[in-house]
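Protein chains: 2
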Amino acid sequence: MHGYDKHAYEPFAVTVDLAVFTLRAGALHVLLVERGQEPYAGRWALPGGFLLPDESAETAARRELAEETGLADVTGLHLEQLRTYSEPGRDPRMRVVSVAFAALLPHLPEPHGGGDAAEARWVPYDTAGNLAFDHDRILADARTRVGDKLEYTCLATAFCPAEFTLGELQRVYETVWGTVLDRPNFRRKVLASPGFVEPVPGAARLTGGRGKPAALYRAGPATTLHPPLLRTPREGRPA
Amino acid sequence: MHGYDKHAYEPFAVTVDLAVFTLRAGALHVLLVERGQEPYAGRWALPGGFLLPDESAETAARRELAEETGLADVTGLHLEQLRTYSEPGRDPRMRVVSVAFAALLPHLPEPHGGGDAAEARWVPYDTAGNLAFDHDRILADARTRVGDKLEYTCLATAFCPAEFTLGELQRVYETVWGTVLDRPNFRRKVLASPGFVEPVPGAARLTGGRGKPAALYRAGPATTLHPPLLRTPREGRPA
DNA sequence: TCAAAAGTGTTCTCACTACACCCATGC
DNA sequence: GCATGGGTGTAGTGAGAACACTTTTGA
Numbered sequence: 001m002h003g004y005d006k007h008a009y010e011p012f013a014v015t016v017d018l019a020v021f022t023l024r025a026g027a028l029h030v031l032l033v034e035r036g037q038e039p040y041a042g043r044w045a046l047p048g049g050f051l052l053p054d055e056s057a058e059t060a061a062r063r064e065l066a067e068e069t070g071l072a073d074v075t076g077l078h079l080e081q082l083r084t085y086s087e088p089g090r091d092p093r094m095r096v097v098s099v100a101f102a103a104l105l106p107h108l109p110e111p112h113g114g115g116d117a118a119e120a121r122w123v124p125y126d127t128a129g130n131l132a133f134d135h136d137r138i139l140a141d142a143r144t145r146v147g148d149k150l151e152y153t154c155l156a157t158a159f160c161p162a163e164f165t166l167g168e169l170q171r172v173y174e175t176v177w178g179t180v181l182d183r184p185n186f187r188r189k190v191l192a193s194p195g196f197v198e199p200v201p202g203a204a205r206l207t208g209g210r211g212k213p214a215a216l217y218r219a220g221p222a223t224t225l226h227p228p229l230l231r232t233p234r235e236g237r238p239a
Numbered sequence: 001m002h003g004y005d006k007h008a009y010e011p012f013a014v015t016v017d018l019a020v021f022t023l024r025a026g027a028l029h030v031l032l033v034e035r036g037q038e039p040y041a042g043r044w045a046l047p048g049g050f051l052l053p054d055e056s057a058e059t060a061a062r063r064e065l066a067e068e069t070g071l072a073d074v075t076g077l078h079l080e081q082l083r084t085y086s087e088p089g090r091d092p093r094m095r096v097v098s099v100a101f102a103a104l105l106p107h108l109p110e111p112h113g114g115g116d117a118a119e120a121r122w123v124p125y126d127t128a129g130n131l132a133f134d135h136d137r138i139l140a141d142a143r144t145r146v147g148d149k150l151e152y153t154c155l156a157t158a159f160c161p162a163e164f165t166l167g168e169l170q171r172v173y174e175t176v177w178g179t180v181l182d183r184p185n186f187r188r189k190v191l192a193s194p195g196f197v198e199p200v201p202g203a204a205r206l207t208g209g210r211g212k213p214a215a216l217y218r219a220g221p222a223t224t225l226h227p228p229l230l231r232t233p234r235e236g237r238p239a
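These protein sequence lines map, in sequence, to chains G and L. Residue 24 in UniProt numbering sits at position 24 of the first sequence; the count goes up by one each step and never skips. Residue 131 in UniProt numbering sits at position 131 of the second sequence; the count goes up by one each step and never skips.
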């Protein structure tokens, strides 16, 4: 960043794109919007939009998240910057640089499409494809990042409501990784990680309608996991 | 990204900033340039510059890297996008969104200041502070990322020349992490990681001028480490 | 012959896997 | 009772830390 020759740079449009994940019915889902206008009219796309003049990318992402999900309060939700996509030609009309974010939400009540004209929908990750722009790639990058981050951060609790059982937390890992974990060992690993979860004293809740009520936990203050919860090739047993 | 109302967005300048690391004399160094003009004239800053009209951020970063280091061939050098800094006011004159990159270089011959007016210098990381703009924060973020990535990727070889000894590779870890590792165990871990390094048949070289010549290795095809080379709190012994 | 650096062997410990088993609840 | 999910106990194994030891070079 040397000179500021007014002709040495060109103005760009800057947008944010959001890969918003949640777990529904035991499967990873992503929030998509259907485009109403060209280009890519009728195609699905990641929610997003332009930065306002006094906004950072993080602020814009949080605003878009609130608009698309209809949630009144999106403070405290996990929002993570992924990377920035800047290839010329990724938007056919103009030069658009897009900062991509991943957001992790607990299961929401279905009617979420809030502010905008285009209706937003939860789509199972496996059936989300052929998106507008380069959003297929952004979504794939986001998915990879989320899976990786479960290993060495406390991110998994972002998929859970404020109070959750260890069984629910385990199902987050099993769903995102597509593996089966051993319940006793999972429990011990999680409880042995300082600051990962902390018990809600005296609270318990039934999960499947049957069985012993499970103790409730909430997310602890830690953000990284030492040692990591490794996604080993052969952990756990079938069923 | 719904409508394209021409008034709904504002043009931004987009730049890249580079945190270029290398190891010199057993210490982590970073490449800095001295600013010649306002704002922050006379202050040190990360090298960087504006995106050209037909460049992606990655292309621009590689071009800046070549200009600042004076290296003829920067293809193949490890360049990694860190994150994007977009807070309003991070540049006092205009709205500038900057995509930050980290680059890892082997030890270079000293005269590197190549194309540009501002002279570039290798500065020990520990003495690099009070930089222009928000570059203190970018540099700190980059440093953290590099340290973390040594654990679970094969990034360490990027600090080494094309052919290197295991002792040199170990010194990369020890320098970046500030720890002392046990040589026999380090050797076994590295050689047990498939694709991390591969031997150069028959080649050997002296490292410290004395001692047994060490076998040479080059970087293997792997990019991630399974299992990771964990930076445990108490590994190795003093000296 | 000594110092220095590479390379090998070996023991011991601890963490983790793979289970068996018990507890509490709804039907 | 029995199915379902939560929670505890434990044996065996395997990876890694710690450290002794050998090898090969320069001075």
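Where is the CB? At the ideal position from N, CA and C, for every residue including glycine.
- Counted as a single uninterrupted DSSP element, the alpha helix (DSSP H) harbouring G:Phe-186 occupies residues 183 to 192.
- By the neighbour-count criterion, in which a residue is buried when 16 or more other Cβ atoms sit within 10 angstroms of its Cβ, G:His-135 is buried.
- Chain-ordered, the chain G residues with CB closer than 9 Å to the CB of L:Val-99 read Arg-83, Thr-84, Ser-86, Val-97 and Val-99.
- The DSSP-derived three-state label of L:Val-176 is helix.
- For L:Phe-196, there are no neighbours in chain G by C-beta distance under 9 Å, as the nearest C-beta there is about 17 Å away.
- If you draw a 10 Å sphere on the C-beta of L:Asp-91, you find 16 or more other C-beta atoms in it, and that means buried.
- Within the DSSP bridge table, the entry for L:Leu-230 names no partner.
- For G:Gly-48, the enclosing beta strand (DSSP E) begins and ends at 48 to 50.
- Separation of G:Val-96 and L:Pro-47 (C-alpha to C-alpha, rounded to the nearest whole angstrom) is 24 Å.
- In the displayed model, L:Phe-133 falls within coil according to three-state DSSP, outside both helix and strand.
- One finds Pro-11, Phe-12 and Ala-13 in chain G with Cβ atoms closer than 8 Å to the Cβ of L:Pro-11, taken in chain order.
- A distance below 8 Å separates the beta carbons of G:Glu-80 and G:Phe-101.
- Look at G:Gln-81 here: in three-state DSSP terms it is strand.
- Chain order gives the chain G residues near L:Pro-227 as Leu-230, where near means a beta carbon separation below 8 Å.
- Secondary structure note for G:Glu-198: its beta strand (DSSP E) is the uninterrupted segment 197 to 205.
- Counting the other Cβ atoms within 10 Å of the Cβ of L:Thr-165 gives 16 or more, which makes it buried.
- Its chain contains Glu-163, Leu-216, Tyr-217 and Arg-218 as the residues whose beta carbon lies nearer than 7 Å to that of G:Val-200, once the 5 sequence neighbours on both sides are disregarded; these appear in chain order.
- In the three-state reduction of the DSSP assignment, G:Tyr-40 falls in the coil class, being assigned neither a helical nor a strand state.
- As computed with DSSP, L:Phe-101 is found in a beta bridge with L:Leu-18 and L:Gln-81.
- Assignment of beta-bridge partners to L:Phe-164 by DSSP yields L:Tyr-217.
- In chain order, Trp-44 and Ala-45 place their CB closer than 6 Å to the CB of L:Leu-131, counting only its own chain and leaving out the 5 sequence neighbours on each side.
- The three-state reading of DSSP puts L:Arg-121 in strand, counting E and B together.
- Spatial neighbours of L:Arg-145 in its own chain (CB-CB distance under 7 Å, excluding positions within 5 residues in sequence) are listed in chain order as Leu-82 and Ala-102.
- Under the three-pair Cβ rule at 8 Å, the segment 25 to 32 of chain G does not count as touching the segment 49 to 64 of chain G.
- Within the DSSP bridge table, the entry for G:Phe-159 names no partner.
- Scanning chain L for C-beta atoms nearer than 7 Å to the C-beta of G:Ser-56 yields Ser-86, Glu-87 and Pro-88, reported in chain order.
- Here the alpha carbons of L:Thr-157 and L:Pro-213 stand approximately 20 Å from one another.
- Residue pairing for L:His-29: DSSP places it in a beta bridge opposite L:Thr-22 and L:Pro-124.
- Taking G:Val-16 as reference, the option from G:Pro-39, G:Gly-36, G:Val-30 and G:Gly-49 with the minimal CA-CA separation is G:Gly-49.
- The Cβ neighbour count for G:Leu-31, taken over all protein chains shown within 10 Å, is at least 16; the residue is labelled buried.
- DSSP, read as helix, strand or coil, puts L:Ala-142 in helix.
- Look at G:Thr-69 here: in three-state DSSP terms it is helix.
- The residue from L:Leu-225, L:Thr-179, L:Pro-161 and L:Leu-206 with its alpha-carbon nearest to that of L:Leu-191 is L:Leu-225.
- Scanning L:Arg-143, L:Pro-227, L:Leu-155 and L:Leu-52 for the CA closest to the CA of L:Ala-19 turns up L:Arg-143.
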